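A quick write-up on the structure given underneath.
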Amino acid sequence: MVAPVSTAAGSGPQAAPGGSGRSWLAWLVVVPFLAYVGTFLLYPTVLVLAGAFQDSSGGFTPDNLAALTEGVYLQAFLRSVELSALTAVLGAVFGALLSWAVASGKPEGLLRRVVVAGSGVLAQFGGVPLAFAFLATVGFQGFVTRFLRDWFGIDLFAGGAWLFELPGLTLVYTFFQIPLMVIVFLPALDGLRPQWREAVDSLGGSAWTYWRHVGGPILLPAFLGALLLLFANAFSAYATAAALVSQGSPIVPLQIRGALTGEVLLGQENLGKALGLGMVVVVAVAMGLYAVLQRRFARWQ
Amino acid sequence: MAVVVRRLVLLVLGAFFLVPLLAMAEFSTRGAGGSRSLESWTAIGSDPDLVEAILASVQLAVTSSVLVLVLLVPTMTWIRLRLPVLRRLVEFLCLLPITIPAIVLVVGMAPLYAWVDYFLGDSPWTLTFAYAVLVLPFAYRAIDAGLSAIDLKTLAEAARSLGASWGTVLVRVVVPNIRTALIGASLLSVALVLGEFTIASLLNFDTLQVQVNLLGKRNAGVSIAVSLLSLLFAFVLLFLLSFVGGRRGSSAVEEG
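Chains A and B, in that order, are what the protein sequence lines are.
Sequential numbering from 1 applies to the first sequence in my numbering.
Sequential numbering from 1001 applies to the second sequence in my numbering.
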């Protein structure tokens, strides 16, 4: 961590053979990276953001964005926000509990390694396999469905095909939100110094006093930040929903699928881009707040 | 008290995560008339479309990891040594994909891939370009942590003063010194690419996850078997990562 400071002085001209006359050559090295990022990241992004304001012939129009504020598109946004907020809260609460249970164990122990690796898989890799995991569990012929039906006579689908609608999405999303919370929150818990706990103990405080007045307030920004990150994560998720919901488009990512696969009206070719812009705005706001909270928490580390 | 609560939390959440995995094992070994059979598992190898998709995904995992390392390692090393002004910009660009959901990126990539198809053909390997963008934030974090941990300037100057070229510095000094970070970045990239569905499916490429999804419509058993297999494989990769990168490796996973 100290290294960059101590070596900053060594970056003078002697580190640059050929002197300032060839400094443009130094810029040549970063050209491949910039060209690649420009083509495959910035260009598509600009295409979406600009396309949101264009009609099919390329002229400026606010119609695409105006369409987002009404009807099915507005409902999709509201449902997406609801699904993301609900699963973010569930994921954050249970994920924080799991992190605490893991953090109070051995730091290099097997339990911790298994939970961290497992969380990485479910949080990042998830997608389609998670949809199938729940089809195998609570699908029409799922393991738990059959078990409940054969042993207790309970019909999981008495209330309709909930697994393929919002309640099902909530359940499956929680399955990858909890692991993401573990990944993000475990380092924050590790940042709590045992001395703080000892200080509370030696002053006669209980476990409750510690969490209420020391641990809780210190972890609060990290917890709220993680909540925002989880929200953004659920809001951006597509694969699980796409594999689970094949009819209708209840949430925004599925509306974008519809727009891409040609389910749009004539004259609304750029609606998918407007939906994309809407998603970027929501995610950017959440991630921006996350960065602010992250910086606040860093003071204690 | 705390011990009891801890056990309870581990038990309840453990069940929540293990039951679906066990259900996958149960579902994929169902035979006719309530018997057990490995039919769904043996069918994985005998479905030519599926085998082809698996091979395409494995190939993509390798090419994407290589591409992202080849792009990032020289650039990030060079920026630390010679162009510190660009550091913020490169960091911003590398972390940008976190803010742009894949489903949005694919909207902008669809027209771009019309050109890629035209010039390079429509083979699945062209997805390498899109996937290297997806893994950019994770690879950046891992490599950045690796470079921060070594005294890059001193090492580079020592090598230069002994007559090494910049290429030699990169290949024989920098790369060996940050190899754990590079292995970490590669393992993460491989796991992410093998699990990717959004971009492949909407650009109409047949990769592993696209085939699994397609197959699920007619034969759920095989899809569930492949899903379980891919989850276990990803688990092994990330479990190895926890030994390779040590504590630093886990921080590279932060932020989905």
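Even for Gly, the Cβ is constructed at its ideal location relative to N, Cα and C.
Since we're looking at a predicted model, the values are computed, not measured.
8 Å Cβ cutoff met for residue i and residue j
| i | j | result |
| --- | --- | --- |
| valine 1226 of chain B | threonine 1180 of chain B | no |
| valine 1288 of chain B | serine 1057 of chain B | Examination of residue 1288 of chain B is not possible in this model, given that chain B is present from 1001 through 1256 alone. |
| leucine 74 of chain A | leucine 68 of chain A | yes |
| threonine 1128 of chain B | threonine 1198 of chain B | no |
| valine 1169 of chain B | alanine 1156 of chain B | yes |
| valine 1212 of chain B | alanine 1043 of chain B | no |
| methionine 984 of chain B | valine 1090 of chain B | The structure shown has nothing for residue 984 of chain B, since chain B only spans 1001 to 1256. |
| valine 1107 of chain B | serine 1189 of chain B | no |
| leucine 1228 of chain B | serine 1028 of chain B | yes |
| glycine 168 of chain A | glycine 1195 of chain B | no |
| leucine 97 of chain A | phenylalanine 134 of chain A | no |
| leucine 244 of chain A | valine 138 of chain A | no |
| phenylalanine 1239 of chain B | arginine 113 of chain A | yes |
| alanine 241 of chain A | threonine 1099 of chain B | no |
| glutamine 1209 of chain B | valine 128 of chain A | yes |
| alanine 1002 of chain B | alanine 123 of chain A | no |
| phenylalanine 157 of chain A | phenylalanine 175 of chain A | no |
Inter-residue spacing [alpha-carbon to alpha-carbon] between residue i and residue j
| i | j | result |
| --- | --- | --- |
| phenylalanine 40 of chain A | glycine 71 of chain A | 33 Å |
| glycine 50 of chain A | proline 44 of chain A | As written in the sequence, residue 50 of chain A is alanine, which differs from the glycine given in the question. Alanine 50 of chain A and proline 44 of chain A: Cα-Cα distance of roughly 10 Å. |
| leucine 1038 of chain B | alanine 136 of chain A | 16 Å |
| glycine 1216 of chain B | alanine 1053 of chain B | 15 Å |
| proline 32 of chain A | serine 1186 of chain B | 20 Å |
| proline 1124 of chain B | leucine 180 of chain A | 30 Å |
| leucine 1071 of chain B | valine 1116 of chain B | 19 Å |
| proline 1020 of chain B | phenylalanine 1138 of chain B | 28 Å |
| valine 102 of chain A | valine 116 of chain A | 9 Å |
| phenylalanine 60 of chain A | glycine 278 of chain A | 17 Å |
| isoleucine 1224 of chain B | leucine 1231 of chain B | 10 Å |
| glycine 1167 of chain B | leucine 47 of chain A | 36 Å |
| glycine 1163 of chain B | valine 1175 of chain B | 18 Å |
| leucine 1055 of chain B | leucine 1093 of chain B | 31 Å |
| alanine 1032 of chain B | glycine 142 of chain A | 16 Å |
| glycine 1121 of chain B | tyrosine 1113 of chain B | 10 Å |
| glycine 21 of chain A | arginine 1141 of chain B | In this prediction, glycine 21 of chain A has a pLDDT of 47, which is less than 50 and means its spatial position is unreliable; what the coordinates show is noted afterwards. Roughly 33 Å separates the two Cα atoms. |
| phenylalanine 77 of chain A | glutamate 165 of chain A | 15 Å |
| serine 1161 of chain B | lysine 1153 of chain B | 12 Å |
| arginine 149 of chain A | serine 249 of chain A | 30 Å |
| asparagine 1191 of chain B | alanine 1234 of chain B | According to the sequence displayed, residue 1191 of chain B carries alanine and not asparagine. Cα to Cα, the separation comes out at about 6 Å. |
| leucine 228 of chain A | alanine 92 of chain A | 10 Å |
| proline 187 of chain A | aspartate 1047 of chain B | 43 Å |
| leucine 1069 of chain B | proline 221 of chain A | 34 Å |
| arginine 296 of chain A | glycine 159 of chain A | 46 Å |
Outcome for residue i when other beta-carbon atoms lying within 10 angstroms are tallied against a minimum of 16
| i | result |
| --- | --- |
| tyrosine 1118 of chain B | exposed |
| aspartate 1144 of chain B | buried |
| isoleucine 1103 of chain B | buried |
| glutamine 247 of chain A | exposed |
| serine 57 of chain A | exposed |
| threonine 976 of chain B | Within the shown structure, residues of chain B are numbered from 1001 to 1256, placing residue 976 of chain B beyond reach of any answer. |
| lysine 106 of chain A | exposed |
| leucine 1067 of chain B | buried |
| proline 1101 of chain B | buried |
| proline 217 of chain A | exposed |
| glutamine 316 of chain A | Outside the displayed range of chain A (1 to 301) lies residue 316 of chain A, so it cannot be described from this structure. |
| proline 1111 of chain B | exposed |
| methionine 287 of chain A | buried |
| glutamine 177 of chain A | buried |
| serine 80 of chain A | buried |
| alanine 226 of chain A | buried |
| arginine 257 of chain A | buried |
| isoleucine 154 of chain A | exposed |
| serine 1165 of chain B | exposed |
| alanine 1220 of chain B | buried |
With a cut-off of 8 Å, do at least 3 Cβ pairs link the stretch 1172 to 1190 of chain B to the stretch 1015 to 1024 of chain B? no
Contact set between the stretch 273 to 289 of chain A and chain B, restricted to residues whose Cβ is under 7 Å from the partner: Lys273, Gly276, Met279, Val280, Val283, Ala284, Met287
Got a sec: which bits of the stretch 121 to 139 of chain A sit with their beta carbon under 9 Å from any beta carbon on chain B, in order along the chain? Val121, Leu122, Ala123, Gln124, Phe125, Gly126, Gly127, Val128, Pro129, Leu130, Ala131, Phe132, Ala133, Phe134, Leu135, Ala136, Thr137, Val138, Gly139
Looking at chain B, which residues of the stretch 142 to 154 of chain A have a Cβ within less than 7 Å of any of its Cβ atoms? Gly142, Phe143, Val144
Tell me, please, whether the stretch 80 to 93 of chain A touches the stretch 233 to 244 of chain A by the rule of three or more beta-carbon pairs shorter than 8 Å. yes
For the stretch 1227 to 1238 of chain B, which residues have a beta carbon sitting closer than 7 Å to at least one beta carbon of chain A? Ser1227, Ser1230, Leu1231, Ala1234, Phe1235, Leu1238
Positions along the stretch 53 to 82 of chain A whose CB lies within less than 9 Å of some CB in chain B: Flagged: no residues at all.
Give a yes or no on contact between the stretch 118 to 137 of chain A and the stretch 180 to 200 of chain A, applying the rule of three or more CB pairs nearer than 8 Å. yes
Just by C-beta distance, which residues in the stretch 1069 to 1082 of chain B are closer than 8 Å to chain A? From the stretch 1069 to 1082 of chain B, only Leu1071, Leu1072, Pro1074, Thr1075, Trp1078, Ile1079, Leu1081, Arg1082 have a Cβ closer than 8 Å to chain A.
Residues in the stretch 36 to 52 of chain A with C-beta within 7 Å of chain B's C-beta atoms, listed in sequence order? Tyr36, Val37, Phe40, Leu41, Tyr43, Pro44, Thr45, Leu47, Val48
Against chain B: residues of the stretch 93 to 118 of chain A by CB proximity under 7 Å: Phe94, Leu97, Leu98, Ala101, Ser104, Arg113, Val116, Ala117, Gly118
Taking Cβ-Cβ distances below 7 Å as the criterion, which residues of the stretch 1128 to 1155 of chain B are in contact with chain A? Phe1129, Ala1130, Val1133, Asp1151, Lys1153, Thr1154
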